[in-house]
Amino acid sequence: MNINLTMIGQAIAFFIFVVFCMKYVWPPIMAALQERQKKIADGLAASDRAARDLELAQEKSAQELREAKQQAAGLIEQANKRAAQIVEASKDDARKEGQKLIEQAKAEIEQERNQARDALRAEIASIAVAGAEKILETSVDASKHNEMLEKLAAEL
Amino acid sequence: MAGSASEYIQHHLQNLTYGKLPAGYERADGTVLQDATWTLAHTGREASDMGFWALHIDSLGWAVALGALFLFIFRLAAKRATSDQPGGLQNFVEVMVEFVDQSVKETFHGKNKVIAPLSLTIFCWVFLMNLMDLVPVDFLPQLFHLMGLEYMKVVPTTDVNVTLGMSLSVFALIIYYSLKVKGVGGFVGELTLHPFSSDNLFLKILLVPINFLLEGVSLIAKPISLALRLFGNLYAGELIFILIALLPFWAQWALSVPWAIFHILVITLQAFIFMMLTIVYLSMAHEDSH
Numbered sequence: 008m009n010i011n012l013t014m015i016g017q018a019i020a021f022f023i024f025v026v027f028c029m030k031y032v033w034p035p036i037m038a039a040l041q042e043r044q045k046k047i048a049d050g051l052a053a054s055d056r057a058a059r060d061l062e063l064a065q066e067k068s069a070q071e072l073r074e075a076k077q078q079a080a081g082l083i084e085q086a087n088k089r090a091a092q093i094v095e096a097s098k099d100d101a102r103k104e105g106q107k108l109i110e111q112a113k114a115e116i117e118q119e120r121n122q123a124r125d126a127l128r129a130e131i132a133s134i135a136v137a138g139a140e141k142i143l144e145t146s147v148d149a150s151k152h153n154e155m156l157e158k159l160a161a162e163l
Numbered sequence: 002m003a004g005s006a007s008e009y010i011q012h013h014l015q016n017l018t019y020g021k022l023p024a025g026y027e028r029a030d031g032t033v034l035q036d037a038t039w040t041l042a043h044t045g046r047e048a049s050d051m052g053f054w055a056l057h058i059d060s061l062g063w064a065v066a067l068g069a070l071f072l073f074i075f076r077l078a079a080k081r082a083t084s085d086q087p088g089g090l091q092n093f094v095e096v097m098v099e100f101v102d103q104s105v106k107e108t109f110h111g112k113n114k115v116i117a118p119l120s121l122t123i124f125c126w127v128f129l130m131n132l133m134d135l136v137p138v139d140f141l142p143q144l145f146h147l148m149g150l151e152y153m154k155v156v157p158t159t160d161v162n163v164t165l166g167m168s169l170s171v172f173a174l175i176i177y178y179s180l181k182v183k184g185v186g187g188f189v190g191e192l193t194l195h196p197f198s199s200d201n202l203f204l205k206i207l208l209v210p211i212n213f214l215l216e217g218v219s220l221i222a223k224p225i226s227l228a229l230r231l232f233g234n235l236y237a238g239e240l241i242f243i244l245i246a247l248l249p250f251w252a253q254w255a256l257s258v259p260w261a262i263f264h265i266l267v268i269t270l271q272a273f274i275f276m277m278l279t280i281v282y283l284s285m286a287h288e289d290s291h
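Listed in order, the protein sequences are those of chains A and B.
The first sequence begins at 8 in this note's numbering and counts up one residue at a time.
The second sequence begins at 2 in this note's numbering and counts up one residue at a time.
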């Protein structure tokens, strides 16, 4: 328990150690700590931002998907309508065509009937003339009786 | 047996002292010195006769070696300090630094570049010095005995000079910061105008000596209590280890192991208390709160 110079020696050593610690130990460690703290804070902020971005992108993609679906539905509907229209139009066309064909055929038939009638009439006239000739046993002057015959043919 | 036991204890509590013996001093072996001589003390009586002009080489040597060890390890970590993934050593050092930094920030609110490294030095250094208490009491002294050194006290904090040297340094810092922050007038005012004050000028002057006595005592008590608390705890712990070492060797473990385990707490706690009180005293020195 002697108080002696050791005390002063210890104080000097203490002073030197503290100065050394203050100059060469504390600042680099503190700097590293603070830098790491900053890095971590930055990293957390970046991850937050990324999460937010992701959410936005997801929302956007969902929206776009919805729009695309709507568009597709619209297109399909339009196509259906158009197809119906086309079918309707072609039905119409076909009907018209058929009508036309029928009319044409009727006209042709009419014409042929008329022709046949005309031919028949001519035939009948000549048959009638021949019959009359046979009956009269004389030849009928065709030119003289032609007017009468024609009148007869027109009556048939 | 009683004689040898007390001799054993005395021997263990004697520092290796290098100091100045006056001319005409009769040494332990009977020789009489012609001139004043600087020499190693051979007995406890010689050591105390050296008076103030003596050095405890063991205390100082171990203290400096342990302080250097602390700074070496921490400097190594500081040099390699990286803000990326830290290694094991850096992790450990960072834990210590953050712990001290936290303690300082909780207590001291001013701006001061000295207090935090000062606290770190105190905590680690005192801890290491205390830690020497856990080395078996006879181990190192025997080793040095073989090397021809008679005395060897390996726990620097069981030497009151060491604890006083540190606490007086802290005291010097207290005075320095008190003067720096409050100015001479403020500091003197703090010592003389509190805790008793009066609006009456005459009464005020009358109260000055009373206040000064109270505040002076509380100021002086700071370094003394700081030093003696650490010294007392470690000295007592060391003494008990020595007493346990007097038991037969096969029985010692039954007491020394529990005591050593308990002492782990004491060692850490005392280092922490020394650091914490230093921070508290210095933050008081920075405050004009009176």
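Built from N, CA and C at the ideal position, the CB exists for glycine as well.
All of these numbers come straight from a predicted model, not from anything done at the bench.
- At the C-beta level, B/Val163 and B/Ala64 come within 8 Å of one another.
- If you draw a 10 Å sphere on the C-beta of A/Gln41, you find fewer than 16 other C-beta atoms in it, and that means exposed.
- Contact holds between the region 47 to 63 of chain B and the region 14 to 25 of chain B, because three or more Cβ pairs, one in each stretch, are under 8 Å apart.
- For B/Thr193, the enclosing alpha helix (DSSP H) begins and ends at 161 to 193.
- If you compare the alpha carbons of B/Lys114, B/Pro23, B/Arg28, B/Asp30 with that of B/Ala37, the shortest gap goes to B/Pro23.
- Residue burial annotation: B/Thr158 is buried, with at least 16 other C-beta atoms found within 10 angstroms of its C-beta.
- Within its own chain, no residue has a Cβ closer than 6 Å to the Cβ of B/Leu147 once the five positions on either side in sequence are excluded.
- Distance from the CA of B/Lys154 to the CA of B/Glu239, rounded to the nearest whole angstrom, comes to 10 Å.
- B/Ala55 carries a strand assignment under DSSP once its states are collapsed to helix, strand and coil.
- Straight across, the Cα-Cα distance linking A/Ser68 with A/Ala57 is about 16 Å.
- Shortest Cα-Cα distance from B/His12 to any of B/Glu288, B/Ile280, B/Leu150, B/Asn92 involves B/Leu150.
- Contact check between the region 12 to 27 of chain A and the region 101 to 113 of chain B: fewer than three CB pairs, one atom from each, fall below 8 Å, which does not count as touching.
- The contact set of A/Arg73 on chain B, defined by CB atoms closer than 7 Å, is empty, because the minimum CB distance reaches about 45 Å.
- Using a Cβ-Cβ distance cut-off of 8 Å, the region 262 to 269 of chain B and the region 218 to 226 of chain B are not in contact, since fewer than three pairs of beta carbons, one from each stretch, lie closer than that value.
- What B/Phe53 touches in chain A, judged by beta-carbon distance under 8 Å, is Ile10, Asn11, Leu12, going in chain order.
- At a cut-off of 8 Å between C-beta atoms, A/Gly50 does not count as an interface residue with respect to chain B.
- Taken in chain order, no unbroken stretch of beta strand (DSSP E) lies wholly in the region 49 to 125 of chain A with a span of 3 residues or more.
- Closest by C-alpha distance to B/Trp260, out of B/Phe242, B/Ala272, B/Pro249, is B/Phe242.
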